[in-house]
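The structure appears right after this line, and notes come after that.
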């Protein structure tokens with residue numbers, strides 16, 4: 011299906027994300043839900059809801075803050091560094107770090123949801139380490155492009 | 013508010029930005045069409061997007077890619 015309009019909703023966490031999707035299901039009859047959280051598309055995680063209003067298709071992107079931060083960074087890298095990044099191509103270390111960051115972000119959000127404080131601390135430390143390395147690699151790749 | 017943004021992907025920067033009130037939807041569509049035609053004539057590949065948000069601050073939150081540079085976006089988000 012081809013959407014003709016779009017809408018983006020950014021919420022705090024996975025619980026709020028589920029609530030928004032549930033509310034959309036209760037308001038609109040004819041909709042499709044594409045949940046890309048467990049099966050991300052090249053690291054991109056979100057829930058997309060395609061609904062029909064007055065015969066027109068509308069895509070509603072529902073993202074948590076962290077999913078959104080990842081998506082914005084990935085898109086920006088595709089803009090200014092290499093268009094292939096969005097589709098899992100380009101600098102191997104950069105793509106690998108983006109993928110790891112996406113996975114850790116999901117792990118973090120799940121630990122918040124389940125209130126697993128031990129794993130939360132462990133995951134956040136790992137996430138900060140990976141993000142620091144990611145920032146270094148972004149600088150390297152950009153310098154190489156100049 | 014409605015925002016008409018022309019964005020240069022290579023530089024990652026906004027080239028032009030026009031704002032319209034919510035009641036000026038038709039004018040915004042017309043302006044987008046004119047901008048797209050101008051870019052076509054100049055053979056420029058800039059991205060043109062029409063976005064609606066309550067405020068520019070709200071738009072910067074949902075579509076930060078247009079407004080923030082790579083350094084800002086690659087900084088670790090507060091978790």
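Protein chains in written order, with my numbering: chain A, 11 to 156; chain B, 13 to 91.
Ideal Cβ placement from N, Cα and C applies to all residues, glycine included.
The structure presented is a predicted model; accordingly, all values stated were derived computationally and were not measured.
Where does residue 63(A) fall in DSSP's three states?
-> strand
Could you spell out the range, first to last residue, of the alpha helix (DSSP H) harbouring residue 86(A)?
-> 75-90
Kindly indicate the opening and closing residues of the beta strand (DSSP E) around residue 46(B).
-> It is not in any beta strand (DSSP E) - residue 46(B) instead sits in the alpha helix (DSSP H) that spans 37-53.
For the segment 65-83 of chain B, which residues have a beta carbon sitting closer than 9 angstroms to at least one beta carbon of chain A?
-> 73, 74, 75, 76, 77, 80, 81, 82, 83
Can residue 90(A) and residue 82(B) be called in contact, C-beta distance under 8 angstroms?
-> yes
Excluding the 5 residues preceding and the 5 following residue 73(A) in the sequence, name in chain order all residues of the same chain whose CB lies nearer than 6 angstroms to its CB.
-> 20, 56
In chain order, what residues of the same chain lie with their CB nearer than 8 angstroms to the CB of residue 147(A), ignoring the 5 residues before and after it?
-> 101, 103, 104, 107
Neighbour-count burial assignment, residue 135(A), 16 or more Cβ in a 10 Å radius | exposed
Please confirm if residue 89(A) has its CB atom under 8 angstroms from at least one CB of chain B.
-> yes
Between which two residues does the alpha helix (DSSP H) containing residue 84(B) stretch?
-> 82-86
Just reading off the alpha helix (DSSP H) that residue 100(A) is part of, what are its end residues?
-> Premise fails: residue 100(A) is in no alpha helix (DSSP H) and is neither H nor E.
What is the DSSP secondary structure of residue 32(A), counted as helix, strand or coil?
-> helix
Where the alpha helix (DSSP H) containing residue 74(B) begins and where it ends | 68-74
Thinking C-alpha only, which one of 83(A), 53(A), 62(A) is nearest residue 17(A)?
-> 62(A)
Beta-carbon contacts of residue 129(A) that lie in its chain and below 8 angstroms, excluding the five residues immediately before and after = 117, 121
Name the chain B residues whose beta carbon is nearer than 7 angstroms to that of residue 148(A)?
-> 82, 86
Which residues in the same chain have their Cβ closer than 8 angstroms to the Cβ of residue 47(B), if we skip the five residues on either side of it in sequence?
-> 16, 18, 28, 60
For residue 8(A): DSSP bridge partner residues | Outside the displayed span of chain A (11 to 156) sits residue 8(A), for which this structure offers no information.
Length of the line joining the Cα atoms of residue 21(B) and residue 23(A) | 30 angstroms
Please report the residue range of the alpha helix (DSSP H) in which residue 48(A) lies.
-> Careful: residue 48(A) lies outside any alpha helix (DSSP H) and carries neither H nor E.
Is the CB-CB distance between residue 86(A) and residue 77(B) below 8 angstroms?
-> yes
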